[in-house]
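Trainee:
In structure tokens, the structure reads:
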């Protein structure tokens with residue numbers, strides 16, 4: 021139901037599951053395991069897997085913190101890698117062009133940080149016309165409560181809560197668990 025014409029396909033986004041991003045993340049190992057499950061399922065169904073990798077002053081490109089965590093399934097050469105420097109994975113990147121080439125109008129979103137790059141990308145995709153499904157048990161964040169944020173489990177729960185109720189003309193948002201992800205076009 022995306023508003024993007026002739027884009028019936030779905031893609032899995034794996035956002036910023038990097039050493040320096042998820043080092044202290046809530047349920048890190050469980051989230052990575054869920055992402056691995058989804059990567060395997062997407063590959064088995066010939067669904068594009070798009071990898072997103074962040075860099076900035078704290079996570080310098082090619083550094084150890086910039087690398088994907090070793091527990092994560094290895095990216096295959098045919099799977100696109102999008103480098104970004106902003107929270108929204110679309111902002112000043114090749115993501116939109118890669119998705120257009122593949123006829124993608126629906127995204128299944130996983131990764132980190134729930135209250136940063138995940139939220140920015142969810143909204144960035146939605147306002148660009150994509151249907152966007154967040155995998156509720158396949159995103160995480162670190163504890164920023166010392167800065168006034170709620171504990172990470174509450175940040176994740178809140179992100180899941182508000183994203184399930186997003187709506188806009190001709191687009192769908194939703195939240196599902198890893199076990200309930202369907203890469204088939206939503207009816």
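Residue numbers (our numbering): 21 to 207.
In this text, a Cβ means the ideal position worked out from N, Cα and C, and glycines have one as well.
1) Touch check for the segment 27 to 47 and the segment 58 to 67: three-plus C-beta pairs under 8 Å?
2) Suppose only complete runs of 4+ residues qualify. What are the alpha helix (DSSP H) ranges in the segment 144 to 187, listed by chain order?
3) Report all residues from its chain with a CB closer than 8 Å to the CB of residue 108; omit the five preceding and five following residues, and keep chain order.
4) Does residue 35 come out as helix, strand or coil in the three-state DSSP assignment?
5) Suppose you measure from the CA of residue 120 to the CA of residue 100; what does that come to, to the nearest Å?
6) Is the CB-CB distance between residue 57 and residue 149 below 8 Å?
7) Under the DSSP definition of a beta bridge, which residues are partnered with residue 129?
8) Should residue 36 and residue 73 be called a contact, given that it needs their Cβ atoms to be closer than 8 Å?
9) Let me check understanding here. Comparing Cα to Cα, which of 188, 78 and 177 lies closest to residue 197?
10) Check whether the Cβ atoms of residue 118 and residue 152 lie closer than 8 Å to each other.
11) Rounded to a whole number of angstroms, what is the C-alpha to C-alpha distance between residue 184 and residue 164?
12) To the nearest angstrom, how far is the alpha carbon of residue 50 from that of residue 158?
13) Kindly indicate which three-state DSSP category residue 22 falls into: helix, strand or coil?
14) Return helix, strand or coil for residue 45, following the three-state DSSP convention.
15) So what's residue 115 in DSSP terms, helix, strand or just coil?
16) Grab me the residues of residue 207's own chain with a C-beta within less than 6 Å of its C-beta, minus the 5 sequence neighbours each way, in chain order.
Mentor: The short version:
1) These segments touch.
2) Runs found: 172 to 184.
3) The residue given as residue 108 occupies position 88 in the chain shown. Correct list, in chain order: 137, 140, 141, 143 and 144.
4) Taking the first residue of the chain shown as position 1, residue 35 is located at position 15. Secondary structure of residue 35 (DSSP, three-state): strand.
5) Position 100 of the chain shown, counted from the start, is the residue given in the question as residue 120. Position 80 of the chain shown, counted from the start, is the residue given in the question as residue 100. The alpha-carbon atoms of residue 120 and residue 100 are separated by roughly 13 Å.
6) Taking the first residue of the chain shown as position 1, residue 57 is located at position 37. Taking the first residue of the chain shown as position 1, residue 149 is located at position 129. Between residue 57 and residue 149, the C-beta gap is not smaller than 8 Å, which leaves the two residues out of contact.
7) Translated into the one-based positions of the chain shown, residue 129 becomes position 109. In the DSSP assignment, residue 129 forms a beta bridge with 33 and 154.
8) Sequence index remark: in the chain shown, residue 36 carries index 16 (1-based). Sequence index remark: in the chain shown, residue 73 carries index 53 (1-based). Yes.
9) What you label residue 197 is simply residue 177 of the chain shown in a count that begins at 1. Nearest option by C-alpha distance: 177.
10) As a first step, residue 118 is located in the chain shown; it is residue number 98 there, counting from the start. As a first step, residue 152 is located in the chain shown; it is residue number 132 there, counting from the start. Taking 8 Å as the Cβ cut-off, residue 118 and residue 152 do not qualify as a contacting pair.
11) Position 164 of the chain shown, counted from the start, is the residue given in the question as residue 184. Position 144 of the chain shown, counted from the start, is the residue given in the question as residue 164. Answer to the nearest angstrom: the Cα atoms are 24 Å apart.
12) Counting from one through the chain shown, the residue named residue 50 turns up at place 30. Counting from one through the chain shown, the residue named residue 158 turns up at place 138. Taking the straight line joining both Cα atoms gives about 8 Å.
13) Within the chain shown, numbered from 1, the residue matching residue 22 stands at position 2. Note: residue 22 maps to coil in three-state DSSP.
14) Within the chain shown, residue 45 is the residue found at index 25, counting from 1. Three-state DSSP puts residue 45 in a strand.
15) Numbered from its first residue, the chain shown carries residue 115 at position 95. The answer is helix: DSSP assigns residue 115 an H, G or I state.
16) As a working note, residue 207 is residue 187 in the chain shown. Confidence is the limiting factor: at residue 207 the pLDDT is only 43, short of 50, which leaves the residue's position unreliable and the question unanswerable from this model.
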